[in-house]
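Undergrad: Going by my numbering, the first residue of the sequence shown is number 52, and it counts up by one from there. A single structure is presented below for examination.
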Amino acid sequence: MNKNNISKFEGFSPEALTFLNDVRVNNSKEWFESHRNEYNKCLLEPFQNLVIELSEQMLCIDDLIDVAPLINKTISRIFRDIRFSKDKFLYKNTMCLAFKRAKKEWRDAPAFFFEISPKSYRYGMGYYSASKESMDVFRKMIDENQKSFEKAISFFDKQNVFTIEGEEYKRTLDPTKTSNINQWYNRKSIHLVHSSVEFERIFTNDILKDLITDFTMLKPIYDYLCSVEVRKNKWINY
């Protein structure tokens, strides 16, 4: 991104949502190329500006997080890889940013994210798709020191922003644990999500304020999940 083009994040436009709908409906490289300037103005540049304005706080949360405002770094591609997919749509109808540590196996690492689509927007933190090994270490750490985990999630019952998501095992893995612990312990992957259709917030910089406040609130459980990966991989800096 050219530094001379950096401007303050002022929100997304309604046209951004229209574009995400239209690019999917048209499903054509020719259509996309003829509307690339619109994509840059309505989506890419606002996402880049949002990443830049979030970067200082994200580095306060974790100074190892990658904050480069670039596609395939913090910003998702709009093109889909359809080589092995039955879904032959060429373009996504969503666009997102993700803050994570530089890691080849990024699907198995905690990350902060924000995503918009024509129908809603959402943000949160967690695993994209945790491996069984990560979740086994997660549970082992809870078993060994439950009080440490309880401290990491002490914020959760005091807020009404995020819900816990992630597929759960059909059977309860440890019936001796409380329901408060098992709502975390009994999952195959885990992420905390806030979903909304209040688009007025993303049409202004209110969403920037929301993300700064709410991502910071998630720092204790983010740190805990990072410690899971440190233990799993035995990496000093993970």
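Positions of the beta carbon are idealized from the N, C-alpha and C atoms, including for glycine. The structure presented is a predicted model; accordingly, all values stated were derived computationally and were not measured.
1. What three-state label does DSSP hand Arg128 in the structure shown?
2. Where do the ends of the alpha helix (DSSP H) carrying Arg173 lie?
3. Using the DSSP secondary-structure output, state which residues sit across from Thr214 in a beta bridge.
4. Quick check on Ile122: does DSSP put it in helix, strand or coil?
5. Under the assumption that Cys277 contacts Pro161 (Cβ atoms under 8 Å), give the Cβ distance between them as a whole number of angstroms.
6. Any heavy atom of the ligand SAH closer than 7 Å to the Cβ of Lys143?
7. How is Asn288 classed by DSSP in three states: helix, strand or coil?
8. Helix or strand or just coil, what does DSSP make of Arg75?
9. Are the beta-carbon atoms belonging to Cys147 and Phe164 less than 8 Å from one another?
10. Rounded to the nearest angstrom, what separates Trp286 and Ser185 at their Cα positions?
11. Is DSSP giving Pro161 helix, strand or coil here?
12. Comparing the C-beta of Ser180 with each C-beta of chain D, is any distance below 8 Å?
13. Does DSSP classify Glu184 as helix, strand or coil?
14. Just mark Cys111 as buried or exposed, buried being the case when its beta carbon has 16 or more other beta carbons within 10 Å.
15. Does the Cβ of Lys80 have 16 or more other Cβ atoms within 10 Å, making it buried, or fewer, making it exposed?
16. When you compare the segment 225-232 with the segment 247-260, are there three or more beta-carbon pairs, one atom per stretch, that lie closer than 8 Å?
17. Glu251 by DSSP, collapsed to three states: which one?
TA: Per the coordinate set shown:
1. Correct three-state label for Arg128: coil.
2. That residue, Arg173, is in no alpha helix (DSSP H); its beta strand (DSSP E) goes Tyr172 to Tyr178.
3. Val244
4. strand
5. Their Cβ separation, rounded to whole angstroms, is 6 Å, which keeps Cys277 and Pro161 in contact under 8 Å.
6. The model depicted lacks the ligand SAH and carries no ligand whatsoever.
7. Unreliable positioning characterises Asn288 in this predicted model, as indicated by a pLDDT of 47, which lies under 50. A coordinate reading is not provided.
8. Three-state result, Arg75: helix.
9. yes
10. Only weak support is given to the placement of Trp286: the predicted model assigns it a pLDDT of 49, under 50, and the question is left unresolved by the model.
11. strand
12. Among the chains in the structure shown there is no chain D, since it carries only a single protein chain.
13. helix
14. exposed
15. By the neighbour-count criterion, in which a residue is buried when 16 or more other Cβ atoms sit within 10 angstroms of its Cβ, Lys80 is exposed.
16. Judged by Cβ distances under 8 Å, the segment 225-232 makes no contact with the segment 247-260, as fewer than three pairs qualify.
17. Helix at Glu251.
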